[in-house]
Amino acid sequence: MSKQQQPKKAISPTREEDYPEWYQQVIKASDLAEKSPVRGCMVIKPWGYSLWENIVDALDAMFKASGVKNAYFPLFIPLSFLEKEAEHVEGFAKECAVVTHHRLEKGPEGRLVPAGPLTEPLVVRPTSETIIGDSFSKWINSYRDLPILINQWANVVRWEMRTRVFLRTSEFLWQEGHTAHATEEEALARTRLMLEVYAELAEKHLAIPVIKGRKTPAERFPGAVDTLCVEAMMQDRRALQTGTSHFLGQNFARASSIRFQDADEQERYAWTTSWGASTRLIGGLIMTHGDDNGIVLPPRIAPAHVVLLPIVRNAEESALVMPYVDSLADLLKKKSYGGRPIEVEIDTRDIGGARGWEWIKKGIPLRVEIGPRDIAAESVFVGRRDRDHREKVSVKRARFVAELTDILDSIQNTLFERALAFQKTHSTMIDEKKSFYDYFTPIDKEKPEIHGGFAFSYWCGDAACETAIKEELGVTIRCIPLAGVPEHDSGPGGCICCARPSPQRVIFAKAY
RNA sequence: CGGGGCGUGGCGCAGUCUGGUAGCGCACUUGAAUGGGGUUCAAGGGGUCGGAGGUUCAAAUCCUCUCGCCCCGACCA
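Residue numbers (this note's numbering): 346 to 857.
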């Protein structure tokens with residue numbers, strides 16, 4: 346009987362015990378972010394922000410490689426702009442923060458009160474189609490001005506009722522791309538291209554397997570003609586959209602008067618697209634790879650790849666170990682992985698075993714312990730975050746340096762394969778209504794266990810069926826998969842709800 | 001906006017029914033021991049108990065008002 350029973354896992358509760366609470370605890374333990382005094386807003390701490398910066402760098406490079414240029418537009422949008430596109434108003438009006446005054450004055454009891462009302466209220470951007478559209482209308486006169494390919498990295502505000510750090514916050518960071526084209530085909534191609542970019546970011550960098558698809562009219566971006574998305578499965582088997590790309594047709598061009606004179610001398614409306622990904626990706630990362638000891642970061646976007654943990658008992662050992670550690674750090678930093686120099690942390694804090702655990706919880710890919718014994722053997726003691734925390738191996742120092750990038754590749758691949766296997770395991774084709782309902786109904790209704798997954802089932806295309814299922818089960822159509830998903834390309838069948846003929850299966854799931 | 005709950009050192013909480021002037025765990029600081037692991041012992045710093053008013057010799061505790069937050073629901077590309 347140990348007087349103090351050590352928890353077997355660093356995070357309590359475990360995923361199995363209480364997934365939403367596990368998520369909160371992991372964020373706290375990993376030092377990524379914390380809640381702020383402002384309701385629904387988060388403080389992103391250095392470890393979390395560095396992670397975001399790496400995501401930004403990866404995406405930004407892909408955007409630029411596809412010809413997109415960055416620009417910046419105002420935080421404030423005149424109220425009248427938002428009113429220009431009818432569906433857009435519907436979709437966003439309810440969740441907007443509105444600026445109505447431009448000054449503060451001393452009020453009674455020394456309190457500051459808003460003064461100087463604005464003639465036209467300003468909306469804090471929930472998205473920027475309208476204000477960017479206004480610029481586009483001025484920039485575009487001729488078909489020779491097209492295409493225009495613009496992206497902005499920005500913060501946006503959506504006054505959500507219920508918030509969760511990274512997944513749904515009142516303010517979040519994202520990028521929004523906006524393009525204008527002379528032809529429908531070209532705009533459609535761009536919509537598809539950017540979806541590919543998001544899929545590549547998710548799979549190659551974040552090691553999150555995704556399914557590419559199209560949203561149903563009910564789930565579409567307000568004002569869009571077509572919304573494409575990439576959907577991932579979290580470890581509670583719920584779906585999370587990790588990127589979205591919209592074909593806006595000429596809707597926003599009409600609303601903002603984005604017109605050009607074509608080669609045939611006709612005046613035409615431009616075809617526009619918009620596409621975005623946000624700090625929500627970090628939530629997806631946590632819920633895809635995290636375990637009961639904290640987050641697990643894919644090496645390609647980890648803020649640091651390796652932490653060196655000197656094992657010293659006294660000044661003499663320190664004098665022996667530290668030069669060895671510093672020289673190893675120098676060697677490692679000269680290498681690079683995924684186009685980025687290897688980032689090395691050296692943690693010399695004398696806080697006992699808590700030191701190693703902190704890095705496990707923070708999800709750093711590799712922990713390297715170095716003590717007198719390793720130096721005598723010219724080796725290092727290495728622990729991988731994708732393996733059990735007790736599984737640590739002694740490796741010759743030279744070999745570790747030489748094989749570092751292979752090890753990181755191995756971790757990156759393991760995470761992706763593991764997540765892909767999980768997604769496959771919890772994806773099923775369901776053709777019977779009862780099975781479908783069983784699949785999405787927890788055994789214990791009081792305290793629902795993790796259940797369900799991706800159900801590939803037929804849907805007739807009727808919004809009434811979609812709504813019925815949403816209301817009865819809380820399950821929605823995440824997407825109509827694009828070609829190439831085997832479960833989708835399985836011929837026609839009968840709608841899971843009404844049994845009417847349906848050409849294809851769609852993905853039903855509970856969603857974030 | 002409806003239903004429920006909670007505001008006590010940085011965090012998590014006890015104390016409130018039965019008023020007597022604040023306590024526990026973690027974290028933090030210092031010292032010592034330990035040393036391939038969330039170690040141990042000792043000493044220590046930090047709170048006008050969300051705010052205002054009232055009752056009382058005396059209020060974290062009782063009464064009134066008020067502010068804020070959380071959870072469930074509605075809401076959510």
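Where is the CB? At the ideal position from N, CA and C, for every residue including glycine.
A quick note: this is a predicted structure, and the numbers were derived from the prediction, not measured.
Residue range of the alpha helix (DSSP H) that includes residue i
i      : result
Pro459 : Run containing Pro459: none in the alpha helix (DSSP H); it sits in the beta strand (DSSP E), 457 to 469.
Cys810 : 808 to 818
Asn399 : 391 to 410
Leu630 : 625 to 634
Asp479 : 474 to 484
Tyr364 : 364 to 375
Val542 : 529 to 545
Arg559 : Looking at the DSSP string, Arg559 is not in any alpha helix (DSSP H); the run it does join, the beta strand (DSSP E), is 556 to 559.
Glu435 : 431 to 437
Trp613 : For the sequence presented, residue 613 should be read as Arg rather than Trp. Element bounds for Arg613: not the alpha helix (DSSP H) but the beta strand (DSSP E), 612 to 614.
Ala600 : 596 to 601
Residue i versus the options, residue with shortest Cα-Cα distance
i      : options                        : result
Glu432 : Val666, Arg513, Ala569         : Ala569
Gly894 : Leu642, Leu420, Leu585         : This structure cannot settle anything about residue 894, because the visible part of the chain is limited to 346 through 857.
Lys778 : Asp754, Asn758, Tyr803         : Tyr803
Asn399 : Leu546, Val555, Ala674         : Leu546
Arg537 : Ser590, Phe799, His446         : Ser590
Ser672 : Ser395, Leu653, Thr475, Gln580 : Leu653
Gly588 : Phe785, Ile389, Gly628         : Gly628
Glu548 : His634, Pro567, Ala615         : His634
Asp607 : Pro848, Phe418, Ile485         : Ile485
Arg729 : Pro644, Leu630, Thr561, Glu688 : Pro644
Pro459 : Val725, His447, Val510         : His447
Glu714 : Asp733, Arg565, Arg742         : Arg742
Asp636 : Arg732, Ala649, Ile691, Val689 : Arg732
Trp498 : Lys483, Asp490, His523         : His523
Gly621 : Leu665, Glu541, Val666         : Glu541
Cys842 : Ala854, Thr812, Leu827         : Thr812
Leu827 : Asp609, Glu366, Glu428, Cys574 : Cys574
Alpha-carbon spacing of residue i relative to residue j, whole angstroms
i      : j      : result
Arg503 : Lys815 : 23 angstroms
Ala442 : Thr508 : 15 angstroms
Ala856 : Ile825 : 15 angstroms
Gln351 : Thr770 : Because Gln351 carries a pLDDT of 41, less than 50, the predicted location of this residue cannot be relied on, and the following value inherits that uncertainty. C-alpha separation (whole angstroms): 33 angstroms.
Gly838 : Leu765 : 27 angstroms
Cys840 : Glu832 : 15 angstroms
Tyr682 : Leu749 : 9 angstroms
Leu593 : Ile356 : 44 angstroms
Ala674 : Leu551 : 25 angstroms
Met346 : Lys354 : For Met346, the predicted model reports a pLDDT of 27, less than 50, meaning its position is unreliable and no value from the coordinates is stated.
Glu450 : Leu463 : 15 angstroms
Gln611 : Leu396 : 48 angstroms
Glu662 : Arg735 : 24 angstroms
Leu760 : Phe605 : 48 angstroms
Ala410 : Leu494 : 12 angstroms
Leu711 : Asn638 : 15 angstroms
Glu576 : Arg559 : 10 angstroms
Lys679 : Pro686 : 7 angstroms
Arg583 : Ser381 : 27 angstroms
His526 : Met539 : 14 angstroms
Asp719 : Leu626 : 39 angstroms
Pro848 : Gly836 : 7 angstroms
Gln349 : Tyr543 : Unreliable placement is indicated for Gln349, whose pLDDT of 34 sits below 50; the coordinate value is still reported in the next sentence. Whole-angstrom Cα-Cα distance: 47 angstroms.
Glu362 : Met632 : 15 angstroms
Asp405 : Tyr417 : 14 angstroms
Ala699 : Ile795 : 31 angstroms
Thr472 : Pro562 : 20 angstroms
Pair within 9 angstroms by beta-carbon distance, residue i and residue j
i      : j      : result
Ser515 : Glu529 : no
Thr572 : Gly478 : no
Ser623 : Trp519 : yes
Gly797 : Val830 : no
Phe745 : Met774 : no
Arg850 : Cys805 : no
Gly708 : Ile752 : no
Glu430 : Glu465 : no
Pro567 : Val401 : no
Gly716 : Ile656 : yes
Ile372 : Phe481 : no
Residue span of the beta strand (DSSP E) that contains residue i, given as start and end
i      : result
Phe426 : Premise fails: Phe426 lies in the alpha helix (DSSP H), 424 to 427, not in any beta strand (DSSP E).
Thr508 : Looking at the DSSP string, Thr508 is not in any beta strand (DSSP E), and its letter there is neither H nor E.
Which runs of the beta strand (DSSP E) fall wholly inside the region 760 to 799 and span at least 3 residues, in chain order? 772 to 774
Where are the beta strand (DSSP E) runs, 3 residues long or more, that stay fully inside the region 676 to 737, in chain order? 689 to 691, 711 to 715, 724 to 729
Could you pull out every unbroken alpha helix (DSSP H) segment of at least 4 residues lying fully inside the region 562 to 601, listed in chain order? 596 to 601
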